[in-house]
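If you read the sequences in order, they're chains B and A. Take the first sequence: its position 14, counted from the start at 1, is 14 in our numbering, and no numbers get skipped. Quick note, our numbering runs 113 ahead of the 1-based positions in the second sequence. Every residue gets a Cβ at the ideal spot worked out from N, C-alpha and C, and that includes glycine. Remember, it's a predicted structure, so these values are computed and weren't measured experimentally.
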Amino acid sequence: MISKNLAAASTKPLILTILRGGENYGYQIIQRVKELSGGQLEWADGMLYPVLHKLEKDGFVSTSWKLSDEGRRRKYYQITDLGRKELEKDMKQWMSVHSVMLKLWGNNPAFES
Amino acid sequence: MFNLEKEINKWKKSLRKSQALEDGYIEELESHLRDEIEKEIALGLSAEEAFIKAKTSLGNSEKLAGEYYKSDTKLISGRPPWHEPVWVPSLFYNYFKIAIRNFKRHFGYSMINVGGLAIGFAVCIFIMMYIKFELSYDKHFDDSERIHRVVKDFVFESGTVPDATTPPALGPAILREIPGVENAVRIFPTWGSKFLFKYGDEKFYEENVLRVDTNFFEIFSSIAISGNIESALNNQNAIILTKSSAQKYFGNEDPLNKIISTEFFGNKIDRVVTAVVKDVPSNTHFDYDFLIPMPSRIGEVWGWYNFYTYIKLNENISVKNIENKIIDLFKSNVTDFRNIVYTQNLEDIHLKSHLKWELGNNGDINHVYVFASIALLVIIIAAINYINLATAKSTNRAKEVGIRKVSGAFRFSLIKQFLTESITISLMSLILSLAIVFLLLPYFNILIEKKLSLFTDNVDLLLAMGALSVLIGFAAGIYPAIFLSSFSPVHILKGLKTSGNKLVWLRKGLVTLQFVITVTLIFGTIVITSQLNYIGNFDWGFDKEQVVVIPNADNLNNLDALKNELNKSPFVKSSGFSSGVLGGLNWTTTIRAREREDEIQINFQYVDYDFFNTLGIKIIEGRAFSREFPSDTLNSVILSELAVKELGLSKPWVGKDFILSENQDTTIYGRIIGVAKDFHFTSLKLANKPFAFLMNDDQLSNLFVKIDTKDYNNAISYVGNTWNAFLPDRPFEYYFLDNNLDRLHKADLKFKDVFSIMTMIAIFIGCLGLFALTAFTVEKRTKEIGVRKVLGASAISIVKLLSTELLKTVIAAALIALPLGFYVMNNWLQNFAYKTEISINAFALSITAAVLIALFTISYLAVKASLANPIKSIKYE
């Protein structure tokens, strides 16, 4: 399992990366995250929505309501230009942390899954 | 049957409770929920299972709302207002808030609660400080539990006299012969005589000088400021000073190795200061300003009871065994030894020892008990105020209870709420009481003549008070809490009155209890005051007013010249000398009648020709000493009436003789030349004792000057000037005889002062509660009073209506309190050999005082209610 703090820190780049591949709605985003992390990353599902709400407020995503095939209203999220820039910044930071860790640990990462 | 749509609606409703969740957010969450449910149903779950699983995976709605709030708010903590701060258990925050709101809404009543309780706590803190101090006596000495004092009861045919003194041979003998005793030290005080100390121009009479064995500090551990106290007493001419006495003689100079010239009974010695020690802590049962080594001339004498013997036992030695060995020691050294020897633990001396010739003024364990009870009673009165007001106001809180219950509060959480409230009030009172204690402590210290400090010595006590106040809050709050939480919401919200009958009875009972306590205290104050008035007006049998005593008049050559010079003044009526002071120290001896074997112990003084005239002691048979009878100086005796009776002599007494002293070789007879009317010379707690007067110019040491003027200042300065003219080497020191006698009952006077102040405080707190309770009932009965007035009731009948009930309560309380008070106070009076009767007036006065206090308390409210305009009263509510 990934610790709570790390999971919280990674939420933003994770969501933005998923949205970079195209607009999406909350339920699908969560399914994608579960799928990608193989269950390593788990929040209470509801906790995603306040984060999305925060991203919208910060201007990283925009939203629009669309009618689904089942006739249900869904809120779709799209990444904005500001969001893309933010994502690039995040990626650089994550990668630099990653490369430092890699140098430190060499090719023998001390973890077992 | 599970209805999915209905459940989803219910779930949505629960989300709407939160102010952070707006409709849009809820719709988005709902769509998520539905997606999840569909997925789970597709995987084969039932609708119900799918709903529960989806709901759980979405997470706790309150937390969710909190997260939304956090993303919206600018607050750093991000704590939504409906969440309690993390450090407060759930709902307590709300309880606390409601408590504060209630406090503000009923500010008057609340202040009475808090104020009364705060005064009660303050009394409690003061008393606990006093008790703690009293219990701390002598515990500051290392190994105090292993240190004991050896004392004995003198046994005479007529009875026993408990006495703290022992002979000088005892200490060394114990140390030499009894195994298990680690150390023994003797203390030899000056017995009222004074050293004359000189250093440079500084010249003082000093009485507080102890002569002690060189190992004094091995038993009474003390802190040296300079010098080496272990060896400081080895030099026979050494002297040890306390810090204050060093300051007095040497100011800022270094006292070490300075020489103080001393003179004692004509014996002049230059003493060298070998050490300075810290002042004797005030919680020590004796006190000294100077220590000097025990004079080497004092041998191993077994019959001279003028020394105090303290022993320190080895660890794990039973003091009982040692006691037996000490008795054996006495028996092997004294023929026909009959006295009862025992020991007292050092820690017990201050409170439990009341022997003759104590080294200092001891306290009294009974005072500790009495004050502890008063503290408890005051707290009870204050707590009753809280209970009464809380239950009386309960109807005001009923609606709140109803709403809380309807919204799902359990009874237990309501009890928790009301307890939080009462504990909050109690803690607020504690804080206020600390402020009161802080402000009044200097006055309290004056009252009890101690130097107590709240924050340096009594931190543990403050913690105890914190715990106590929580406990009081709990005790006072538990009944109202259980009662209030028992309301049925349906009844309350329908507006039905809950039956309050049981409560009215409880309140009446508690108010009665308060009055029982106050009436008992009032009665106690009256009896104590009348006893002390009785003592104040007591006829001692001699003139104690306007008599100046000059104590340093030993070894004078020109007695008559001095007296003549004094008597010349119009201020002075007469003057005379004696060896002792009535009410102070006198010598004692044993005498017996010719034909009888039993000895009686008798106090005696040597006096001069003018003594009887100066003190106004009346002679009922025979005559006083007279210059016309030269043989008066030879074994002529004036006895008190009691003395001739105890000797068993029959009238006429004059001319009879008795055995004044005897040993193997000689018997000296005393010849009675006069019998004095009985007079008193000790505390009135003790029965009167026989007394004898003899003549011997060499032993005279006190000059008595009877002055005859209201102009004390001039009289004293005349006496002083005359004294200084005759005796330029001796500082003029004096005191008044009546002040000296007052000292005998000083502890009782203090007791009276503290007791009556505590009583007044208790009454005040009780009145506060009564006032608030009456205000409340009058408020409740506003309409009733209005209607009565409209129907023709007069203002007076309204006042009567409001006060009869109270009068009944007071009278009922008095009927319980007075027998109780009589029992307790009668016991207290048994401490005195001379006591006033508890008169019927004391009972009447107590009841009257209680009734007047009660009526006065409610008078304002009753009159105000009776004069109110009935139209307004009826419109009320």
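Alpha carbon of residue i to alpha carbon of residue j, nearest angstrom
i                 : j                 : result
Ser113 of chain B : Leu102 of chain B : Confidence at Ser113 of chain B is low in this model, with a pLDDT of 44, below 50, so its placement is unreliable and the value that follows should be read with caution. Ser113 of chain B and Leu102 of chain B: Cα-Cα distance of roughly 17 Å.
Asp778 of chain A : Ile772 of chain A : 14 Å
Asn5 of chain B   : Ser62 of chain B  : 26 Å
Leu117 of chain A : Lys123 of chain A : 10 Å
Asp861 of chain A : Asn474 of chain A : 12 Å
Leu489 of chain A : Ser688 of chain A : 53 Å
Phe587 of chain A : Phe205 of chain A : 15 Å
Ser249 of chain A : Val603 of chain A : 59 Å
Phe945 of chain A : Leu695 of chain A : 19 Å
Leu230 of chain A : Ser910 of chain A : 34 Å
Asp266 of chain A : Lys444 of chain A : 15 Å
Lys859 of chain A : Phe246 of chain A : 19 Å
Proximity below 8 Å, CB of residue i to CB of residue j
i                 : j                 : result
Arg74 of chain B  : Ser144 of chain A : yes
Val298 of chain A : Tyr423 of chain A : yes
Leu850 of chain A : Ile648 of chain A : no
Asp251 of chain A : His480 of chain A : no
Ser335 of chain A : Lys391 of chain A : yes
Leu574 of chain A : Met242 of chain A : yes
Thr278 of chain A : Tyr418 of chain A : yes
Pro983 of chain A : Val867 of chain A : no
Pro844 of chain A : Phe310 of chain A : no
Ala589 of chain A : Ala511 of chain A : no
Ile435 of chain A : Gly293 of chain A : yes
One or two residues paired with residue i in a DSSP bridge
i                 : result
Ile715 of chain A : A:Thr702
Tyr318 of chain A : A:Leu309
Arg324 of chain A : A:Phe301, A:Ile405
Ile260 of chain A : A:Lys425
Glu775 of chain A : A:Thr780
Asn296 of chain A : A:Lys425
Arg73 of chain B  : B:Leu67
Ser688 of chain A : A:Val818
Ala337 of chain A : A:Val390
Phe267 of chain A : A:Val274
Asp770 of chain A : A:Arg784
Ala580 of chain A : The partner list for Ala580 of chain A (beta bridge, DSSP) is empty, contrary to what the question assumes.
Ile751 of chain A : A:Gly787, A:Phe806
Ser62 of chain B  : B:Gln78
Coarse secondary structure for residue i, derived from DSSP in three states
i                 : result
Thr970 of chain A : helix
Asn458 of chain A : strand
Glu112 of chain B : Low confidence applies here, because Glu112 of chain B scores a pLDDT of 48, under 50, leaving its location unreliable and the question unanswered by this model.
Ser37 of chain B  : helix
Phe806 of chain A : strand
Asn24 of chain B  : strand
Ser507 of chain A : helix
Gln132 of chain A : coil
Gln78 of chain B  : strand
Phe443 of chain A : helix
Gln205 of chain A : First, the amino acid is wrong: residue 205 of chain A is Phe here, not Gln. Reduced to three states, the DSSP call for Phe205 of chain A is helix.
Ser952 of chain A : coil
Lys764 of chain A : coil
Phe849 of chain A : strand
Val640 of chain A : helix
Gly476 of chain A : coil
Leu354 of chain A : strand
Glu734 of chain A : strand
Thr279 of chain A : strand
The ligand GDP heavy atom lying under 7 Å from the CB of residue i
i                 : result
Phe209 of chain A : The model on display carries no ligand, and the ligand GDP is accordingly not part of it.
Let me know the beta strand (DSSP E) ranges lying completely inside the region 365 to 440 of chain A, each 3 residues or longer, listed in chain order. If we require 3 residues or more, the beta strand (DSSP E) runs fully inside the region 365 to 440 of chain A come out as 372 to 377, 380 to 390, 403 to 406, 421 to 426.
Using a Cβ-Cβ cut-off of less than 8 Å, give me the residues of the region 138 to 150 of chain A that come near chain D, in sequence order. Reference to chain D is not applicable here, since the protein chains of this structure are B and A.
Contiguous alpha helix (DSSP H) assignments of at least 4 residues, all confined to the region 842 to 920 of chain A: Whole alpha helix (DSSP H) segments, 4+ residues: 850 to 855, 859 to 893, 895 to 903.
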